[in-house]
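Peer 1: Residues in the sequence shown are numbered from 5 upward in steps of one, following our numbering.
Note that CB positions come from ideal geometry on N, CA and C, so glycine has one too.
Owing to the predicted nature of the structure, the values given are computational and were not obtained by experimental measurement.
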Amino acid sequence: MIQLDRLTKRFEGRPPAVDELSLTVPAGEVYGLLGANGAGKTTTLRMLLGLWAPTSGDATILGCRVSQEPDRIKSHIGLVSASAGLYQWLTPRELMAYFGIGYSLSEARIAQRIQELSRIMDLGRFLDQRCSTLSTGQKQRVNLARALVHDPPVVLLDEPTRGLDVVGSKVVFDYVARLRDEGKAIIVCTHQLDEAERLCDRFGVLHYGRLRHEGTLDELRKQTGQPGLVELFLALLREDAAPAGTA
Numbered sequence: 005m006i007q008l009d010r011l012t013k014r015f016e017g018r019p020p021a022v023d024e025l026s027l028t029v030p031a032g033e034v035y036g037l038l039g040a041n042g043a044g045k046t047t048t049l050r051m052l053l054g055l056w057a058p059t060s061g062d063a064t065i066l067g068c069r070v071s072q073e074p075d076r077i078k079s080h081i082g083l084v085s086a087s088a089g090l091y092q093w094l095t096p097r098e099l100m101a102y103f104g105i106g107y108s109l110s111e112a113r114i115a116q117r118i119q120e121l122s123r124i125m126d127l128g129r130f131l132d133q134r135c136s137t138l139s140t141g142q143k144q145r146v147n148l149a150r151a152l153v154h155d156p157p158v159v160l161l162d163e164p165t166r167g168l169d170v171v172g173s174k175v176v177f178d179y180v181a182r183l184r185d186e187g188k189a190i191i192v193c194t195h196q197l198d199e200a201e202r203l204c205d206r207f208g209v210l211h212y213g214r215l216r217h218e219g220t221l222d223e224l225r226k227q228t229g230q231p232g233l234v235e236l237f238l239a240l241l242r243e244d245a246a247p248a249g250t251a
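(1) Got a sec? Which residues, its chain only, sit under 6 Å from Asp169 by beta carbon, not counting five neighbours each side?
(2) Under three-state DSSP, which class holds Tyr107?
(3) Determine whether the beta carbon atoms of Gly44 and Ala21 lie at a separation below 8 Å.
(4) Can you give me the Cβ contacts of Trp93 inside the same chain, cut-off strictly under 8 Å, excluding the 5 residues immediately before and after it?
(5) To the nearest angstrom, how far is it from the Cα of Leu224 to the Cα of Ala115?
(6) For Tyr35, which residues of its own chain have a beta-carbon under 6 Å away from its beta-carbon, when the five flanking residues on both sides are left out?
(7) Run the CB neighbour count on Thr250, radius 10 Å, all protein chains shown included, and call it buried at 16 or more, exposed below.
(8) Just the C-alpha distance for Glu235 and His195, rounded to the nearest angstrom, thanks.
(9) Looking at the structure shown, is Leu90 part of a helix, part of a strand, or coil, going by DSSP?
(10) Quick check on Ala57: buried or exposed, where buried means 16 or more other Cβ atoms within 10 Å of its Cβ?
(11) Can you determine whether any heavy atom of the ligand MN sits closer than 7 Å to the C-beta of Asp9, and answer yes or no?
(12) Within the region 139-181, note down every full beta strand (DSSP E) run reaching 3 residues or more, in order along the chain.
(13) Please go through the region 35-98 and give each complete beta strand (DSSP E) segment of 3 or more residues, from N-terminal end onward.
(14) Could you check the C-alpha separation between Asp9 and Gly61 for me, to the nearest Å?
(15) Please work out which residues of its chain come closer than 8 Å, Cβ to Cβ, to Leu197, disregarding the five sequence neighbours upstream and downstream, and give them in chain order.
(16) Name the DSSP beta bridge partners of Arg232, please?
(17) Considering Cα atoms alone, identify which of Gly104, Arg214, Lys143 is closest to Met125.
(18) Can you tell me which of the three DSSP states Thr137 falls into?
(19) Report the partner residues of Asp9 according to the DSSP bridge assignment.
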């Protein structure tokens with residue numbers, strides 16, 4: 005589904021934001037792309053979305069190369085981001101219809117998807133309320149539904165639980181589990197490492213743009229000698245702080 009081949013992004017006068025990143029995410033897998041601020045996660049997502057052209061290397065989604073077909077790539081991807089706002093004067097029903105039109109869905113298909121997603125995400129009670137009146141958790145449910153209106157095979161989630169309470173976070177967990185069962189390829193970027201351990205099947209740990217570690221949680225434990233993701237990240241920070249030539 006998703007394949008990155010030495011994907012690189014450089015900005016003039018700065019170290020590489022993403023440095024020869026190679027990884028593969030098959031259908032039905034949740035891949036946690038993890039790293040501290042500045043590690044290259046957001047830059048990677050922007051290249052996958054066709055918003056930024058790679059400096060070198062490439063990414064392929066369902067046979068489409070980001071460097072050659074950035075517009076077509078967008079039709080294969082659903083993006084869920086905590087920073088993505090909703091059109092406040094539209095209702096969830098109108099919002100999903102608007103995005104359905106943008107993806108060239110027929111009226112019948114849009115109506116079908118609204119009905120399906122309203123049931124899955126439990127939007128019925130506020131489907132026809134303006135988005136400005138919704139709670140944070142309700143808005144995130146609508147955001148999740150909007151990302152799926154065109155039934156994309158690939159889903160990218162950028163900090164999907166930020167600002168949510170326990171109930172709202174569970175909605176996201178259930179959503180990701182459903183996507184996995186439907187055979188979608190999913191990349192999750194999050195700073196919530198305990199949530200990542202619950203959500204993801206496999207992990208890639210970015211550090212200054214490079215893939216430092218990759219594998220399941222058990223594989224990472226064996227590679228690093230650390231009991232969990234939090235300890236692994238703390239070890240990387242200690243490594244940065246250590247004087248040159250010391251362990």
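Peer 2: In short, the structure shows the following:
(1) One-based indexing of the sequence shown puts residue 169 at position 165. Hits under 6 Å: none found.
(2) As a position in the sequence shown, residue 107 is number 103, starting the count at 1. Tyr107 falls in the coil class under three-state DSSP.
(3) As a first step, residue 44 must be located in the sequence shown, where it is residue number 40. As a first step, residue 21 must be located in the sequence shown, where it is residue number 17. Yes. Within cutoff.
(4) In the sequence shown, counting from the first residue as 1, residue 93 sits at position 89. Same-chain partners within the cutoff: Arg134, Cys135, Ser136.
(5) Position 220 of the sequence shown, counted from the start, is the residue given in the question as residue 224. Position 111 of the sequence shown, counted from the start, is the residue given in the question as residue 115. Each residue's CA atom was taken as its position, placing Leu224 and Ala115 some 44 Å apart.
(6) Indexing the sequence shown from 1 puts residue 35 at position 31. Same-chain partners within the cutoff: Val29, Ile191, Arg206.
(7) Numbered from its first residue, the sequence shown carries residue 250 at position 246. Its pLDDT being 41, under 50, Thr250 is placed unreliably in this model, and the value from its coordinates should be taken loosely. Thr250 should be labelled exposed.
(8) Stepping through the sequence shown from its first residue, residue 235 is reached at position 231. Stepping through the sequence shown from its first residue, residue 195 is reached at position 191. Cα to Cα, the separation comes out at about 14 Å.
(9) Translated into the one-based positions of the sequence shown, residue 90 becomes position 86. Leu90: coil per DSSP, three-state reduction.
(10) The residue labelled residue 57 in the question sits at position 53 within the sequence shown. The residue is exposed, with fewer than 16 neighbouring Cβ atoms inside 10 Å.
(11) Although the ligand MN was asked about, the structure shown includes no ligands whatsoever.
(12) 158-162
(13) 60-65, 81-85
(14) Stepping through the sequence shown from its first residue, residue 9 is reached at position 5. Stepping through the sequence shown from its first residue, residue 61 is reached at position 57. Taking the Cα positions, Asp9 is about 6 Å away from Gly61.
(15) The count along the sequence shown starts at 1 and reaches residue 197 at position 193. If we look at Leu197 and ignore the five residues flanking it on each side, its Cβ neighbours are Leu38, Gly232, Leu233, Val234, Phe237.
(16) The residue given as residue 232 occupies position 228 in the sequence shown. Correcting the residue identity first, residue 232 is Gly in this sequence and not Arg. Answer by DSSP bridge pairing: none, since Gly232 is not bridged.
(17) Within the sequence shown, numbered from 1, the residue matching residue 125 stands at position 121. Of the listed residues, the one whose Cα sits closest to Met125 is Lys143.
(18) Here residue 137 refers to the residue found at position 133 when the sequence shown is read from its first residue. In this structure, Thr137 counts as helix in the three-state DSSP scheme.
(19) For the purposes of this step, residue 9 is taken as the residue at position 5 of the sequence shown. DSSP lists Asp62 as partners of Asp9.
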